[in-house]
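Student: The structure's right below; bear with me while I get my questions together.
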Amino acid sequence: MKIQPRQQLLEIWRAAARNSYVDGEWVWGGDNRWDSIKDAEQLLCVMLPATEIPRFRLDQPDQTEDDVAKAMEAFGNKLRIPQVLVKALIEYHRKYSDGDGRPIFPGGSYLAARDPAEELAEDQVSLDVVESFALSITLTLATLGFVGVYRNSLAPGSYQQHQQDELDELVSLAGKRLTEAMVGLLRSFTVFTYEAAGTHGQHLIRTINQSNLSDNRLVTDLREALRPTIAGLRDLTVGIEQLNNLESPDQLFECGWSWGIIRGAPQVDFVDSSGTQRAGYAYDAPYLYFTVQALDGIADLFSARTRLLRLLDDEQLRLAAALQLRWELTQNYWSVIASFGAGRWPLEDLPWRTTDGDESDYFSLLVTSIATRGLLEDRDSDADLGRLGRILSELANRARITRRPIAADTALALHHPGVAIGLDGPTEGPLLNWVAADFAPLLLKRTIRIARNLSDVQLRGQLLTLADEIWEHLLKRRIPHGRSRGLWDQPAGAFAPTAAGVLELSDVDTSRLSWHHTVRVVESLVFAADLARTDPLRSDELLGFAGELLAEAEHLFDKQQLVGSAETGLNMRNAMQALRTRLRHAREITVERPGTTVALVLDVLRELDSLTEARRDVTGAS
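Rendered as structure tokens:
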């Protein structure tokens, strides 16, 4: 990779710290506006690398590396950095709690009126949304782990009682917010059923029917492929109404997350907030965008870090089990839908069409995101991930990330203003919209993630080349000037200003900081860092070549030993001992690093040849 995740993350941290901490005060969202999502994204730009990458740790000041501390110098010295973060996290949790201390998850500025001439009422802007639930899971888990390690790193008596009180308060606030976010996701999950002959059913049939089957045959085959998913959905009880019509042979369905709590969703009765949980308001059908966000947040609940640090209490473990079941069922459903049939996958027929008739390359990217894990579990992973990689490459082309735009190119709308998603549900006030404009950073994130799971050297190399191209595109979109320089997003920077249709992009406010885009880039760089920490892939051909070279070198070494004599000088004995050590090391690493083995053995072979020639010059023997 050319991305260099460590260097890039340090640059982002330097810019994020400069934007977030001004004159000893935390500046929320870049401009102090009310927005639980934007503020969580701002915190996660720091918290994600600090908790996911060992060499970026800030919770053990005596182990914080110098260049990391230098990047965060706007916060203060190594001891001061975690203290600033703790205060900011406490302020965030207090800010997004109501008068009774109940956590709230407002959509804020991400919610907009569908008619630009209208303005949303305060009660609409304050509606809890799924993206805030999902981000809160990620943020609170990072917070709980951070506090646990930070508290243990402080020597007894080295801090005052008020610091202990701050940490206790933060743990309490984060634990409460985590529980409420999990409850919100449970009550936002939905199964939308419809007749195969109806409008929604016909849209789905046209999307997945890549083999020209009759409608009846396709519905029968699809329901058979989804039989395990249907059985699992039928047994769901927590936070969802009883599903009675899944068994009908003429019914199709979708499962996933709506944009908020479903209208009529029952309360989760085994948590402390039972009886006071907010009434539902969202349309009872899944949205691809919010399903992806929910799945990413839920995955953090059963990550290795969450398990090892025991971040969940008994009540949260029960909630996590219910969410994990929905996580698995949703991914199974979408992996079947995306790859249905024996020939071309529906996902390969770009762009993806939703059951309400909308189609966009952005939806194709979202379906790819959901289907990846299911395909990993059920199929020949390299072959299928290779197909997903080709889809991502085509999406990069169609979005003009790896190709230049043409005149009046409509593909640029993916980047600005983005894809508008209508949010149905509330009956009062203007109709709601959600605009998704994060195509490029989300594409980078998914590309690196798929590359991470490939075991084929060539396929991984192709995807990493694509990742480098997407990264070059994103670098051009960094804000170049002002306090926000080095962060995102300035979409006009990636496109030639002379191209017709690009001039509108040049009108975008280049000083406007988007924490949404920035945290997407940070997530991608965290994935890239994780990939860089793994052992390199090795092909059977390279492993065989390394083994053959090593066998020849060891044979020649033994031969050289055989023709030596007891009178061999000290320098010669030392040289032979050094060669023996290098051969032993090469043998030890052959399986893990055959390329390094080849390099070591070639050096040994050269020195052995030099010794042989020297002996021939002296003795005339071989």
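If you're matching positions, the sequence shown starts at 91 in the working numbering and goes up one per residue.
Positions of the beta carbon are idealized from the N, C-alpha and C atoms, including for glycine.
(1) Helix, strand or coil: how does DSSP classify S700 here?
(2) Measure the beta-carbon distance from P376 to F282 and round it to whole angstroms, keeping in mind my assumption that it falls under 8 Å.
(3) Express the C-alpha separation of G576 and A232 in angstroms, rounding to a whole number.
(4) Going straight from the alpha carbon of V598 to that of T458, what length do you get?
(5) For a test of the three-state rule: what should DSSP assign to L593, helix, strand or coil?
(6) What's the gap between the Cα of V547 and the Cα of R683?
(7) For G433 and S278, which I take to be in contact (beta-carbon distance under 8 Å), what is that distance rounded to the nearest angstrom?
(8) For Y240, collect the residues of the same chain with a Cβ closer than 6 Å to its Cβ; drop the 5 residues on either side in sequence, then sort them by chain order.
(9) Around the Cβ of N306, are there at least 16 other Cβ atoms within 10 angstroms (buried) or fewer (exposed)?
(10) Taking 8 Å as the cut-off, decide whether the C-beta atoms of I388 and I227 are in contact.
(11) Secondary structure at Y303, three-state DSSP: helix, strand or coil?
(12) From which residue to which residue does the beta strand (DSSP E) around Q341 run?
(13) For R368 versus I352, is the C-beta spacing smaller than 8 Å?
(14) Excluding the 5 residues flanking Q214 on each side, which residues of the same chain have their C-beta closer than 6 Å to its C-beta?
(15) How would you call A590, buried or exposed, if buried means at least 16 neighbouring beta carbons within 10 angstroms?
(16) Which residues bound the beta strand (DSSP E) around L391?
(17) Helix, strand or coil: which one does DSSP assign to P684?
(18) Could you check how far apart the C-beta atoms of R490 and L482 are, in whole angstroms? I think they sit under 8 Å.
(19) Counting only the same chain and skipping the five closest in sequence on each side, list residues whose C-beta sits under 8 Å from that of D374.
(20) Considering only DSSP beta bridges, list what A527 is partnered with.
(21) Could you check the C-alpha separation between Q251 and L169 for me, to the nearest Å?
(22) With three or more beta-carbon pairs closer than 8 Å as the criterion, would you say the region 618–629 touches the region 662–670?
(23) Tell me the residue span of the alpha helix (DSSP H) that contains Y186.
(24) From I298, L323, W442 and G551, pick the residue whose C-alpha is nearest to that of G421; which is it?
(25) If you run the structure through DSSP and keep just helix, strand and coil, what is D630?
(26) Expressed to the nearest angstrom, what Euclidean distance is found between the alpha-carbon atoms of I180 and N167?
(27) Start and end of the beta strand (DSSP E) containing A412?
(28) Identify the continuous beta strand (DSSP E) that holds F585 and give its terminal residues.
(29) Out of curiosity, what's the CA-to-CA distance linking A140 and L554?
(30) Can the beta-carbon of F223 be found less than 8 Å from the beta-carbon of L275?
(31) Taking A202 as part of the beta strand (DSSP E), name the residues at either end of that continuous run.
(32) Restricting to runs no shorter than 3 residues, where is the beta strand (DSSP E) found entirely within the region 469–509?
(33) Which residues does DSSP pair with E285 in a beta bridge?
(34) Would you call G551 buried or exposed, if buried means 16 or more other Cβ atoms sit within 10 Å of its Cβ?
(35) Would A510 and N523 be called neighbours here (beta carbons separated by less than 8 Å)?
(36) Using the DSSP secondary-structure output, state which residues sit across from A384 in a beta bridge.
Tutor: Let me lay it out:
(1) Under the three-state reduction of DSSP, S700 is assigned to helix.
(2) By a beta-carbon distance limit of 8 Å, P376 contacts F282. Their separation comes to about 6 Å.
(3) Answer to the nearest angstrom: the Cα atoms are 24 Å apart.
(4) Below a pLDDT of 50, predicted positions are generally treated as unreliable, and V598, at 49, falls in that range; the measurement from the model is reported next regardless. Between V598 and T458, the C-alpha separation is close to 29 Å.
(5) Residue confidence for L593 is low, a pLDDT of 43 falling below 50, so the modelled location carries little weight; the figure read from the coordinates is stated next. The answer is coil: DSSP assigns L593 none of H, G, I, E or B.
(6) 13 Å
(7) The pair is not a contact, with the Cβ atoms about 35 Å apart (cut-off 8 Å).
(8) D149 and P172
(9) exposed
(10) yes
(11) The displayed chain sequence assigns Leu, not Tyr, to residue 303. Correct three-state label for L303: coil.
(12) Here the beta strand (DSSP E) through Q341 covers Q341 to W347.
(13) no
(14) G519
(15) The predicted position of A590 is uncertain, since its pLDDT is 48 and thus under 50; no value can be drawn from it.
(16) For L391, there is no enclosing beta strand (DSSP E), as DSSP marks it with neither H nor E.
(17) It is helical.
(18) In fact, because the Cβ distance is near 15 Å, the residues do not count as touching under 8 Å.
(19) T280, F282, S348, I352, R353 and G354
(20) Answer is none; A527 lacks a bridge partner.
(21) 17 Å
(22) no
(23) Unbroken run through Y186: none, as it is neither H nor E.
(24) In the sequence as presented, Gly is not what sits at residue 421; that position holds Gln. That would be L323, whose Cα lies nearest to the Cα of Q421.
(25) helix
(26) About 20 Å.
(27) Careful: A412 lies outside any beta strand (DSSP E), inside the alpha helix (DSSP H) at D404 to A428.
(28) Careful: F585 lies outside any beta strand (DSSP E) and carries neither H nor E.
(29) 24 Å
(30) yes
(31) From DSSP, the beta strand (DSSP E) with A202 extends over L201 to A203.
(32) Fully enclosed beta strand (DSSP E) runs of 3 or longer: not present.
(33) Q341
(34) exposed
(35) Cβ atoms of A510 and N523: closer than 8 Å.
(36) Answer is none; A384 lacks a bridge partner.
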